[in-house]
Structure formats: structure tokens, C-alpha cells
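In order, the protein sequence lines correspond to chains A and B. For the first sequence, the working numbering assigns the number 340 to the last residue and increments by one with no breaks. For the second sequence, the working numbering assigns the number 401 to the last residue and increments by one with no breaks. Backbone N, C-alpha and C define an ideal beta-carbon position, used for all residues, glycine too. For reference, the structure discussed in these notes is given below.
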Amino acid sequence: MKYAEVSSRFRRFFELPASPVAVKINSDKPHDELAPRRYCEMVRLSASHGDTFTFTVDDLSCASAELALGFEEPKYGEVYPRIKPADTTSVTLAPLEKADFEPDVVIVIGNPRKIMRMATTLGKIHGREVSSKFKGEFAVCGECTAIPVMENTVNLSLLCAGARMFGGYEKDEIAVGFPMQEFEVLAEGLTRDEITAALCGCLMDDLPSKVIDTILGLGFVKGTDHFTGRFGNEIVRFYTPKDTKGKITSVTLHVPVKFKDAEAAMSALDVAAEVFEDPMLFGQRDNWVDVALPVDLGESINRAVMRGEKFNSLMTKGIDVLLAHVGRFKRKSPSK
Amino acid sequence: MDLNLYKNLERNVEGVFINVHPIQRGGVLTPEARKALLEFGDGYSVCDYCFESRVDLVQKPPVRNLVHDIAEFLNMDDVRFTAGCRHAKWAAMHMACEPGDSVVVDSLAHYTSYLAAEANRLKVFEVPHSGYPEFRIEPEGYATKFEEVEKKTGSLPTMAVLTHVDYRYGNIADAAGVGKICKEYGVPFLLNTAYSSGIMPVDGKRLGVDFLCGSGHKSWAASAPIGILATTYEWSQQIFDKSSIRGEWSGRGFTKKEVALFGCAPVFGAPLITLMASFPAVVERVRHWDEEVENARYLARQLERIEGFHLMGVRPAEHTMMNFETLPLHEVAEEHKKRGYFLYHELKKRKIMGLHPGMSKNFKINTYGLSRKQVEYVARAFIDIAKENNIPVEEE
């Protein structure tokens, strides 16, 4: 059951009540003894009830599916979409978790919100839009099966009247067909945080990834609430304070300087007052003197990091200024 | 199914490892609680002599006494047991607020404070903290936020929530200061004491608290899940309001059952009995809080001998749960074949457990209830690990 895990992960992630359905064209399996049914109905039963089917054209009760699945060549004019040449002998369907064959196509039934999330995720993986061709005819058989097989593309379907009337599809359901390889790419993408953490760009953290990446690029690593980085012999802390409205328009760079005890730290405050000029801040915390340099960005940090070199140069200069002052403070504080 | 997985379950921690887990120290069971847990481990085991249809009224074992004694211990008026501190917060909000109301919380609040508000469909407004390195919550922030909420929504918030000891830095917030402001504004005050009551003295009335929520398994030497919801008589009828529902066909009613607590919580029998069995030890141990803090400060002093180790939060440490930033460990981890897990493995080799596996940039550690000798051992272990990995260590 190599697909059991992938099906479960996919269903859980996209909150799907039904299973993705694996479809194999040209199955050489002996076909089941079935009462004639529609293809779309069998897909629905496979998704919802876990049924498996191997059927031939004799088991089909829908002429559209006969053409779309490549059992028959059209007699009058061309039909689109369809599998061609029409040399299909049988088709096997199974819920993906039960598939013991390599599927050609995986069909997923869901509501528009859930399928929207699939499209967003796929778009993030490929870095482009998902294109689809549909007109509400030959839906499950053509739009969700034949197009993925013939054109090797993911295809959305709003379903067709037959599927809705006879196939058991709910009013709020639509379907999408994936070539197997594309389905695997999508399922694999669900394990990647950078793909799934913010599906449509909504912020899942208090700092956008661009800001984080820029700060990391300066030589810091991210902690829980702040960043730390080693610059020469000093460890500098990079903090992003928020104003009362929750906006970040400045950053603070910190170096805590350790003294042997609280008394020594207190006696160093006079030196600190002399060394640390405005806008630098300092304060005693037990046996440490915290030194901080606020850097005003004049705009939100999201915009500031877009300035690239300008932002980096501002920060690098800030770090240099801070370290130069801290160096002087340490030299002038004999009791350290 | 491999049912063998569930056989012979063992933890192999007690007596083998020194556990410094940030959230486990205050919940370590007393020997009395372990014994009682075995005795009352069955489902509904505290209900042998239930005559009143509610677990808090059971007299044998003496739950009814415990309710009164815990209320007295916390200097509150009335107490109930909940599924945990989070359930206590949810219950207080549920009974004191209406959907759409506003609550003000400190910005270091535990996530369950936010979720309790969310589950009750309340709007959350946050009191900012002071940022790096102290992350301090100033009581005046509540007054500012109350006025902001009134300006935005047209009315004062329905509740103020303060995390007495925050789970991130172990700072002790000025609860009395917030309580005073809440009284001035007439805003009911909920204090989350998940990391304070049960390990350090907490006096609800002196702090001006209306609702006090505690965690048995975090700080009262009890098994999970058990929480405490204490309130004053001003609120107890509303918070512990009884059921008034009737079956429309059967006419059945449950007028003794308290709505927000799902009537009765006999399913908490086993953890409740551990809370009870540990209670005498808890009453005693809070008297020694100063010694506990001194142990924590000792560890902080020792760890800060290691280059780049720096205690975040208010200094000196106010609580036994502390958060250290440790960039040099991260630098070692970058080169180490076990990556960030090297620290976890090095500590495990030395029979120390409880640091979050994979963490190396910073970690939280809790010394509560460890002997001075154990704390010294932990300090030595970190110093040895630092030295072995060429991280400079100051001489004493």
C-alpha cells in the first residue's frame, strides 16, 4: 500500500471527506462483473465508499464516457476531450490508498475552497498559474481523465449535468484530475514548510519571510523573539520592536556587557553615560549593562528591506557604531 | 495494529535522570501522590461515596475540604477543579463575558489564553511588553489599553487577563499593580497562575484578583489533567452557575450541575486525588520559594560563565524557569554531525533530560524542586559540554 500514506496526508491537509481516486487506463486486469454504471458514478463511489472497479465498455452505461475514455472512436466528427487512439480495453478505479497499481490519473472531488487551496499550492510549487479547460460536458471522463492523460496537465472540472444528476455529486462539489506525476509533486510539496506555511501569502508569523531572509543575510540567526549573530568577538542581538499599533518602523541592536557583579555594573554606569551618546541606550540589569542602538527606518520594515543595499548598509553601519562604542565602554570600565 | 506497542509502557526517568524540563518541574508528583494515584487510578474512583452528585462536594475522600482549603490557601472564596488551567480560563471567560466582548491580555500570555478567548468569540487586545532583553509587562499598559478599547469599541473590556509568570522568560508580572488598575476601571481581573500558584506564594485578594486559574500538573505536584478555578463570592454564583435546562419531552433537569464545568468532573478523579495528596507538601513548599529562586540564580551565574550564554528576561532571575540565549551552542551545532540535537544527546549522556531536542540557539530550563547538589551537577554538565566544544568558559 505505497499510496496509503500519501493519500492520508493529502486528505488531511486539504480536509477532504473523500479519497482521491486512482485511475488506470488499459488495465490488463480481468474485469469485474458489474451492472452497467456511469464512469462518474464509479469514481464517486470509489472516492466516498472505498469501492474498486475494473470495467470494460460493456459495463458502462454512458456513451460520453465510452468516447472520452477511449473505448470507441467517434463515428461522426471529432470529439474533445477523449483518449486516442481508442484502444482502451479496460479501466481500473480505486481509492488511492488501496491502489495496488501505478495510476495514470488521480481524481480529487472537493468543494471550491478546498480545490482552490490545491491550486494555490500547485501554483507555489510551479511558480505559475494553473490553466484549465472545461465547459461542463464530458466532465469526469473527459475533463478530469482524458485531458490529464492526453495533455499531461492538471485539469479542473465544474462537472456536468450527467455527473450531478446520476453520478451522486453534490451541488457544492467540483473535481480536478491530476496526471499521477503532478499529483505526486503536489503531495510531496505538502511536506515543505515554505510551500504550505502561507498558502496565499497570509502571514503566519509576525515577520514576513522577506524580512527574515534579509536579516539572516546580514549574518544573524533567528531565535524565538529576536536574532543573534557574531560580529568579530561580540554577539549582537537584532530585535524588531513594535509600536503601539503593532508596526515595526525601527530595529534595535543590543550588546549586553557582563560585569563581575551588580555593584561593578552599577559603577560602570558613569562610564556608560560618557561613552554612549544619543540615540544609544544603556541600562543596568543585575550584573550586566545592556547597551542598545535603536535604528529608525523611517518606514515599515517590510518596505525598508525592499531597499536592499540601503537597508544592509544602514544595519552594517549600526552594528559598526554599536561595536565601536561597546569596545570603548569595555576599555574604560576597569572593574569589568 | 501492533498491540505490543502498548504493553510494558515505561518512562524510565525518575531516579535515573535529572529532569530540567521547563514545564514539568512543578508537576513532579510527591511520593504521597504516587501512592494515591495507584489507589484511585480507576475511573470514577473518587465517587465511591458520592451523595451530592458533584465531585467537589464529595466528603470521602475529602474533596469538599480540599475545595475550602485551596480557596483559603490562595486567599480566594470559592474553588472548582477543571481539566487544566486552560479550561479554567475558558470557563471564567465563558461565564463572565458575552460573544463579541473584548478582553485585554498581556502579550506574553500562553496561547491558551488567546484560544480561550477565541472559543468564547471574544476580541483580544494586547498589552505590549518592553521587548528585548527584559520583555517586561508594565501594569500601566493595562490602563492605556483599557482606554484604547473603550475608544475603539465604546465600552471597557469585559475582562483583563494577566499571566502571572510568563512561560517564555519566567518574568513575574506585577499582578497587584494590574489588580489595582482593574479595580479603578471596574474591569474583572483574571490571573493565570499556571507557573506560580503551587510553587510560590500567591494571595488572590492582595493581588486584587477576581478569577485565579492554576495548573495542577504544572505547579501543584499533580497528574494531568487538573486545573483550578478560584473566584470570589462576588462572582462565584455567576461563574459556577447551575444548569437550568429541561428535557422538552422528559422534563428532566440537572439543577445541581454547574454549566461551565460540565456539571461534574469525576473523570478528573485520579488527577484530583494526586492534587489532594500533594497538597500538604505544596503548602509547605511555597514557604521555601526563596531557596528555589536562589538555586535558579546560582545556575544562571554558572551558565553565564560560558561565553555567549545570556539569561533573557528580568534580572536577576525571579523564577526557576529561565530562558538562555546560547549562540555558541548553535555555532557548534552547525558543525556537529548531530546538528542541533547534539546538546540534547550530550545532556542525555550525563543523565539530564528536559531540554527541548533540537534547540541550540536558546533554551528554557527549570530548576524547581532540584536539590542544590543536582543544580550544581547540571551547571557542571553545561560547562563540561562547553569546554569539550571549545567554547570559552570564565574561571570562577
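Grab the span of the alpha helix (DSSP H) containing Thr236 of chain B for me, first residue to last.
Element bounds for Thr236 of chain B: not the alpha helix (DSSP H) but the beta strand (DSSP E), Gly232 to Thr236.
Cβ-Cβ distance between His329 of chain A and Phe280 of chain A below 9 Å:
His329 of chain A is a Cβ neighbour of Phe280 of chain A, given a cutoff of 9 Å.
For Glu152 of chain B, which option in B:Cys55, B:Glu139, B:Pro138 and B:Val132 has the closest C-alpha, if you only look at C-alpha atoms?
When the alpha-carbon of Glu152 of chain B is set against those of B:Cys55, B:Glu139, B:Pro138 and B:Val132, the nearest one is in B:Val132.
Partner residues on chain B for Asp210 of chain A, Cβ-Cβ distance less than 7 Å:
None at all; the shortest Cβ gap to chain B is about 11 Å.
Report the residues of the region 313 to 330 of chain B with a CB closer than 7 Å to any CB of chain A, ordered along the chain.
Residues Gly313, His315, Arg320, Pro321 and Glu330.
Rounded to the nearest angstrom, what separates Arg30 of chain B and Leu10 of chain B at their Cα positions?
Rounded to whole angstroms, Arg30 of chain B to Leu10 of chain B spans 28 Å at the Cα level.
Who are Val27 of chain A's beta bridge partners in DSSP?
The bridge partners DSSP lists for Val27 of chain A are A:Leu97 and A:Val109.
Please tell me whether Lys251 of chain A has its Cβ less than 9 Å away from any Cβ of chain B.
Lys251 of chain A does not count as touching chain B.
Tell me the rounded alpha-carbon separation between Lys321 of chain A and Lys343 of chain B.
Lys321 of chain A and Lys343 of chain B have their C-alpha atoms spaced approximately 36 Å apart.
9 Å Cβ cut-off: residues of chain A touching Gly136 of chain B:
Within chain A, the residues Asp229, His230, Tyr243, Thr244, Pro245, Lys246 and Thr256 have their CB atoms less than 9 Å from the CB of Gly136 of chain B, given in chain order.
Nearest to Leu195 of chain B (by Cα), restricted to the options B:Val183, B:Ser112, B:His73 and B:Lys128
Among B:Val183, B:Ser112, B:His73 and B:Lys128, the Cα nearest to that of Leu195 of chain B is on B:Val183.
Are the CB atoms of Val207 of chain B and Lys94 of chain B within a distance shorter than 9 Å?
No, the pair does not count as a contact, with Cβ atoms beyond the cut-off.
Taking 9 Å as the CB-CB cut-off, is Ile344 of chain B touching chain A?
Inspection of the sequence shows that residue 344 of chain B is occupied by Arg rather than by Ile. Answer no: the Cβ-Cβ gap between Arg344 of chain B and chain A never drops below 9 Å.
Three or more C-beta pairs under 8 Å: does that hold for the region 57 to 77 of chain A against the region 94 to 102 of chain A?
By the C-beta criterion, the region 57 to 77 of chain A is judged to be in contact with the region 94 to 102 of chain A, since at least 3 inter-stretch pairs fall below 8 Å.
Check whether Arg20 of chain B and Pro230 of chain B have beta carbons under 9 Å apart
Note on residue identity: the sequence assigns Gly, not Arg, to residue 20 of chain B. Between Gly20 of chain B and Pro230 of chain B, the C-beta spacing is not below 9 Å.
Rounded Cβ spacing between Met98 of chain B and Ala122 of chain B (contact assumed at less than 8 Å):
That belief holds up - the Cβ atoms of Met98 of chain B and Ala122 of chain B are roughly 6 Å apart, short of 8 Å.
Apart from the five residues just before and just after Ile230 of chain A, which ones in its own chain have a Cβ nearer than 7 Å to its Cβ?
Before going further, note that residue 230 of chain A is His rather than Ile in the sequence given. Taking His230 of chain A as the centre and dropping the five residues before and after it, the same chain places the C-beta of Arg241, Phe242 and Tyr243 closer than 7 Å to its C-beta, in chain order.
Lys33 of chain A versus Glu9 of chain A - alpha carbon distance
Going by the C-alpha atoms only, they are around 25 Å apart.
So is Lys226 of chain A in contact with chain B if we call contact Cβ pairs under 9 Å?
When Cβ-Cβ separations below 9 Å define contact, Lys226 of chain A makes contact with chain B.
Mind checking which residues open and close the alpha helix (DSSP H) that includes Asp324 of chain A?
Following the DSSP letters along the chain, one finds Asp324 of chain A inside the alpha helix (DSSP H) bounded by residues Glu313 to Lys336.
If you draw a straight line from the C-alpha of Ile252 of chain A to the C-alpha of Ala272 of chain A, how long is it?
Cα-Cα distance, rounded: 32 Å.
Beta-carbon proximity of Ala69 of chain A to Cys145 of chain A, cut-off 9 Å:
Yes, these two residues count as a Cβ contact at 9 Å.
Could you check whether the Cβ of Ile239 of chain A sits closer than 9 Å to any Cβ belonging to chain B?
Residue-level contact by beta carbon holds for Ile239 of chain A and chain B, with a gap shorter than 9 Å.
By Cβ distance, which residues of its chain are closer than 6 Å to Thr372 of chain B, with the 5 residues on each side in sequence left out?
Hits under 6 Å: Asn300, Ala301, Leu304, Thr325 and Val380.
Between the region 27 to 45 of chain B and the region 216 to 232 of chain B, do at least 3 Cβ pairs fall closer than 8 Å?
Yes: at least three Cβ pairs fall under 8 Å.
I need the DSSP call for Arg173 of chain B, collapsed to helix, strand or coil.
Coil.
Same chain only: Cβ atoms within 6 Å of Glu186 of chain A, ignoring 5 sequence neighbours per side
Correct list, in chain order: Val158.
When the distance is taken between beta carbons, is Leu285 of chain A closer than 9 Å to Leu301 of chain A?
Taking 9 Å as the Cβ cut-off, Leu301 of chain A and Leu285 of chain A do not qualify as a contacting pair.
Using the beta-carbon of each residue, which ones in chain B are nearer than 8 Å to Asp290 of chain A?
Arg320 and Pro321, listed in chain order.
Rounded separation between Glu262 of chain B and Asp176 of chain A - CA only:
The displayed chain sequence assigns Lys, not Glu, to residue 262 of chain B. Approximately 42 Å between the Cα atoms of the pair.
Measure from the C-beta of Pro133 of chain B to each C-beta in chain A and report whether the shortest distance is under 9 Å.
By this cut-off, Pro133 of chain B is an interface position.
Per-residue contacts from Lys334 of chain A into chain C (C-beta, under 7 Å)
Given the protein chain composition of this structure (A and B), no chain C is represented.
Evaluate the contact criterion for the region 273 to 284 of chain B versus the region 36 to 52 of chain B: three or more CB pairs, one atom per stretch, below 8 Å.
These segments touch.
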